[in-house]
Amino acid sequence: MIRLQLQVDLAYEIADPAGTDFIFNVHAARTAHQTVESEQLVLSQDLTPDIATDAGTGTRFMRLHAWPGPLHLSYAATLDIAHHRAQPDTLNEVPVRCLPLEVLPYVYPSRYCQSDRLLGLASRNFGRLWQGYSRILAVQHWVQEQVAFASETSNSNTSAVDTLVERVGVCRDFAHLMIAMCRALNIPARIATGTDYGADPALGPPDYHAYVEVYLGDRWYVFDASGTGIPMGFLRFGTGRDAADVAFATIFGDVAPATPAISVHALEGPGLELPHHCREALSTAAASPGPVSGCASFGGQADAAMATRPLLVQAPR
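According to numbering that gives the first Met the number 0, the stretch in the sequence shown is residues 0 to 316, in order.
Here's what the structure looks like:
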């Protein structure tokens with residue numbers, strides 16, 4: 000089991016005389032394999048926020064209205080992660096006809112992950128590979144070969160296609176490109192947010208981190224698209240179709256933000272292990288209740304034709 004201590008400090012100067020609305024995603028998610036043992040939220044203004052949890056993903060959102068002047072938010076938590084671990088060779092892709100209904104949104108193109116524009120590229124590079132965990136790793140390694148990591152090289156409008164053209168980006172850009180390529184192969188993929196545990200200090204101070212979860216077998220498995228951290232040390236804040244769904248702060252007003260201050264430390268002790276790179280596939284998600292009717296068996300090369308079949312999207316005129 001991994002035990003992490005998290006500290007997040009955010010600061011804002013609110014100029015709007017009527018105050019400003021915020022939506023934050025800074026609380027650690029509660030999932031089947033991630034338990035929040037303790038947490039504390041401190042706000043510098045006397046506010047009572049609304050907090051809600053998405054039942055499907057465990058993502059926790061906090062909404063508040065802050066008044067003009069400074070706003071400081073401090074969130075601290077201790078959490079345990081007891082990963083579900085699987086041997087990579089046992090994990091197969093799931094045909095679209097067999098996916099649980101709640102997984103279906105993650106095969107569609109989205110704002111930052113235009114998978115419909117990458118169908119030919121994905122098919123040429125990966126369409127004939129054995130379907131399963133190894134093909135996802137091939138996509139991840141390909142993305143890392145195509146894109147160089149460099150801070151402050153993209154912005155909130157940068158999409159997967161932009162990253163493919165510009166060949167440079169930060170963790171969210173790597174994640175968007177990997178997600179788009181997976182979806183172009185009919186493989187459900189989504190973005191997850193956490194912290195960049197294990198990242199080289201040369202890349203900058205500790206920060207939020209975007210990584211990828213891919214649906215294989217009966218649950219979502221973790222992949223570090225940029226390859227900059229240690230996945231076993233990634234705690235989860237939120238998951239979504241792309242970065243538009245999981246911003247750590249969405250601001251509706253005239254506000255000057257300061258640079259976030261984030262720290263996360265792994266604790267040692269009886270029954271605890273320090274995060275490290277491992278061969279096993281890791282997941283913090285629960286298994287799906289069971290296969291779709293008529294889909295008790297799937298995977299391997301039997302459905303290879305589906306990987307190269309064009310995607311036809313019919314939209315309202």
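Where a beta carbon is used, it is the ideal one built from N, C-alpha and C, also for glycine.
Which value, in whole angstroms, describes the spacing of the CA atoms of residue i and residue j?
i: S296; j: W219; result: Because S296 carries a pLDDT of 48, less than 50, the predicted location of this residue cannot be relied on, and the following value inherits that uncertainty. Cα-Cα distance, rounded: 18 Å.
i: G193; j: F236; result: 5 Å
i: D8; j: P69; result: 13 Å
i: L163; j: T157; result: 10 Å
i: P187; j: Y214; result: 6 Å
i: G232; j: N91; result: 25 Å
i: S73; j: S262; result: 12 Å
i: F125; j: G239; result: 24 Å
i: D15; j: F23; result: 18 Å
i: F173; j: F222; result: 11 Å
i: A198; j: D79; result: 20 Å
i: A54; j: A284; result: 13 Å
i: G131; j: T227; result: 23 Å
i: V35; j: G57; result: 12 Å
Which residues in the same chain as residue i place their Cβ atom closer than 8 Å to its Cβ, once the five residues preceding and following it in sequence are excluded?
i: W66; result: I13, G18 and Q44
i: E267; result: L273
i: D49; result: M61, R62 and L63
i: L103; result: V95 and P187
If you measure between the beta carbons of residue i and residue j, is that distance less than 8 Å?
i: Y111; j: H175; result: yes
i: L234; j: L46; result: no
i: S155; j: G168; result: no
i: T77; j: S37; result: yes
i: P259; j: Y207; result: yes
i: H82; j: S282; result: yes
i: A242; j: R171; result: yes
i: I178; j: V211; result: yes
i: Q139; j: A224; result: yes
By Cβ distance, which residues of its chain are closer than 7 Å to residue i, with the 5 residues on each side in sequence left out?
i: G270; result: M0
i: Q86; result: E279
i: Y196; result: G228, I229, G232, F233, V263 and P274
i: P204; result: none
On the DSSP bridge assignment, give the partners of residue i in chain order.
i: R189; result: E212
i: Q33; result: I80
i: Y207; result: T194
i: F60; result: A51
i: P256; result: Y11
i: V41; result: S73
i: I22; result: R62 and T249
i: R218; result: L215
i: T238; result: A191
i: L353; result: The structure shown does not extend to residue 353, since the chain is modelled only from 0 through 316, so no value can be given for it.
i: F148; result: G168
Starting from the C-beta of residue i, find all residues in its chain whose C-beta is less than 6 Å away, skip the five residues before and the five after it, and write them out in chain order.
i: Y11; result: L70, V254 and P256
i: H26; result: R59
i: C294; result: C97
i: G252; result: D15 and T19
i: Q6; result: A75 and S262
i: P99; result: S287
Compute every distance between the C-beta of residue i and the non-hydrogen atoms of the ligand MN, then say whether any falls below 7 Å.
i: P269; result: With respect to the ligand MN, the structure shown offers nothing to examine, as it has no ligands at all.
Determine whether the Cβ of residue i lies closer than 8 Å to any Cβ atom of chain B.
i: Y220; result: In the structure shown, chain B does not exist; there is a single protein chain.
Practice problem: Examine the Cβ distances between the region 114-130 and the region 172-189 and report whether three or more of them are shorter than 8 Å. | Solution: The region 114-130 makes contact with the region 172-189, as at least three CB pairs between them are under 8 Å.
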